[in-house]
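Report on one structure; see the data block that follows.
Chains as they are written, first to last, in this note's numbering: chain A, 2 to 289; chain B, 9 to 337.
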């Protein structure tokens, strides 16, 4: 017995609700659309209004101050450099960890993944103190580094450590998701065709997860740029932009703190836009 | 931000509810929100006074049932929260009474009471390098050595910071050794600087620093051993006010402008700001703070309380004026 093939007309009829329910259904759908749209609008407003407010209040003055305020320029340069180094370290060290967590089933995998999330729940000044306990002069490791002339607290090294600690968990968890989304069978196929596991990773998994890894690194970099609490404990001087903004607020007032924060937002926008733009362009190319 | 809300929001008129939510959030005025409208006491306290004051706050909460919200930080930061953010506490206790006339009067306060003294010391820990040999006679030499890490507070942010600079000048004068202050300062570099007295103390406790220029009350509260300084150096003795006046430092008030601080005896000041959300609770707290019991508790916590607070300005409540008169010197 073959099923009767429904005609187009039949389909149209069945897809329509019965006459009696059509009115209330449309009202419910319209209501749902309004609620969702309203929630999304409120969310966007909530997220964007403070940023736009900050930039409109301090952006022009901040950009103007760039030419004559050497301290601001130094803070921005230091922030960009330390956040970039922290992100690179996070990518180099975090990518293999994320890959292992995504691909290998080993005892304690859930525990490792959870432990790697822990830095996210530690209040940041406490994270700074925790880092000081491990890397400070009084600790065995910090003492050895200090003896070798490498100072962690009160140096850019301390800033990188603080940024890495608080923002790398974001990279690892997002990179892990990026690897999970790549079908493991592609790697198996490559392996059966004679590729080594490293070559399979480099030629198959890495290109397929590149977009996700880039996004993960962007989020990590952005989070590192914004860090204040752990940095101010570890390295108050030299000042990154967030510490400088706090310093200006306390010593001078809001009028001088807002431009610093606004300039930071504007400057952070450049690499963020560039990377997102890169991804968008690549997506377009791939979809063609 | 308010400019954005005024301009941008009418275009999003359907989102009026969101504007209300945002406007509330943007004002950031936790002290006035409805959730704290009951019997609440919002206290901003200088970091150097936070620990000794805590038992007094606890006892006030226990006796009156009031909810005490305490914020500890650098004195100038507290002042900025009031002047710049409109976040006003009920009671404001600052490490330098000068902050009131300089930043807060007459707009945010019409009076303040000087209520405690303090003195600068050199604090350390038993494991600090050369801890075994430091004395009142040789501290200037030990703190110049290359193998010790010396910390201080940022003079732009906290009274303890500029008082350290003043104290070092006075030490140079006392020792008749030109260049001593600059040499000691050079050995307490910017990387060993922190934002307030409490952060600095935490770094000493963690072993990151060997010596810090600190208030005696903070050293005592943390159990740090300390080197006391001569009376004409430590900024703690009103009898030496004329000596202290010989020291002066420039502190940055903005990237382009600086203000001068002249040496004077360390005096803490307190007030109830004009726009305090719970002024009645604040008055009750000050009445208790100036009671004999609280004075004793604070003194035992190494706060050098004045026998009689000195009120400057007008409009101080009777609880403060009575204490200023009634407490025996």
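Virtual Cβ for every residue (Gly too), placed ideally from N, Cα, C.
233, 234, 236, 237, 238, 239: these are the residues of the segment 216-245 of chain A whose beta carbon lies less than 8 Å from some beta carbon of chain B, given in chain order. Residue 65 (chain A) has a beta carbon lying at 8 Å or more from every beta carbon in chain B. At a Cβ-Cβ threshold of 8 Å, residue 129 (chain A) and residue 238 (chain A) do not count as neighbours. If you check the CB distance, residue 68 (chain B) and residue 293 (chain B) come in under 8 Å. C-alpha of residue 216 (chain B) to C-alpha of residue 151 (chain B): approximately 15 Å in a straight line. With respect to the 8 Å criterion, residue 324 (chain B) and residue 206 (chain B) are not classified as neighbours on the basis of their beta carbons. Taking 8 Å as the CB threshold, residue 123 (chain A) stays off the interface with chain B. In the structure shown, the three-state DSSP call for residue 201 (chain B) is strand. Residue pairing by DSSP puts residue 269 (chain B) in a beta bridge opposite B:257. Under the Cβ distance rule, residue 54 (chain B) does not count among the residues neighbouring chain A, no pair being separated by less than 8 Å.
In this chain, residue 144 (chain A) is not harboured by any beta strand (DSSP E); it is covered by the alpha helix (DSSP H) spanning 141-148.
Among the CB atoms of chain A, one or more fall inside 8 Å of the CB of residue 201 (chain B). Among the residues facing chain B, residue 118 (chain A) is not included, as its CB has no counterpart in that chain under 8 Å away. The alpha-carbon of residue 187 (chain B) is positioned some 11 Å away from that of residue 179 (chain B). Annotation: residue 217 (chain A) to residue 175 (chain A) spans about 5 Å, alpha carbon to alpha carbon.
Residue 99 (chain B) is positioned such that its CB atom lies no closer than 8 Å to that of residue 77 (chain B). In the DSSP annotation of this structure, residue 93 (chain B) is not part of any beta strand (DSSP E), being labelled neither H nor E.
Residue 122 (chain B) sits in a strand when the DSSP states are folded into three classes. C-alpha of residue 245 (chain A) to C-alpha of residue 225 (chain A): approximately 15 Å in a straight line. Secondary structure at residue 317 (chain B): strand, using DSSP grouped into helix, strand and coil.
Put simply, the segment 55-64 of chain A touches the segment 258-276 of chain A. At least three CB pairs are less than 8 Å apart.
Within the segment 163-197 of chain B, those residues whose Cβ lies closer than 7 Å to any Cβ of chain A are, in chain order, 164, 165. When the Cα atoms are used, residue 94 (chain A) and residue 122 (chain B) turn out to be separated by approximately 56 Å. Judged by DSSP in its simplified three-state form, residue 220 (chain B) adopts strand. Contact annotation: in the segment 128-139 of chain A, residues whose CB is within less than 8 Å of a CB in chain B are 130, 133, 134, 137, 138, 139. Within the same chain, Cβ atoms closer than 8 Å to the Cβ of residue 146 (chain A) are found at 136, 152, 153, the five residues on either side in sequence being excluded. Rounded to the nearest whole angstrom, the C-alpha separation of residue 235 (chain A) and residue 131 (chain B) is 20 Å. The three-state reading of DSSP puts residue 54 (chain B) in strand, counting E and B together. Residue 33 (chain A) has a beta carbon lying at 8 Å or more from every beta carbon in chain B. Counting of Cβ neighbours within 10 angstroms places residue 266 (chain B) among the exposed residues, the total staying below 16. Residue state for residue 159 (chain B) is assigned as strand, using DSSP reduced to three classes. As a beta-bridge residue in DSSP terms, residue 79 (chain B) pairs with B:52. Collapsing the DSSP output to three states places residue 279 (chain B) in a strand. For residue 215 (chain B), the closest Cβ of chain A is nearer than 8 Å.
Residue-level contact check: residue 255 (chain A) touches chain B, since one or more beta carbons of chain B fall below 8 Å from its beta carbon. Rounded to whole angstroms, the separation of the alpha carbons of residue 136 (chain B) and residue 221 (chain B) is 14 Å.
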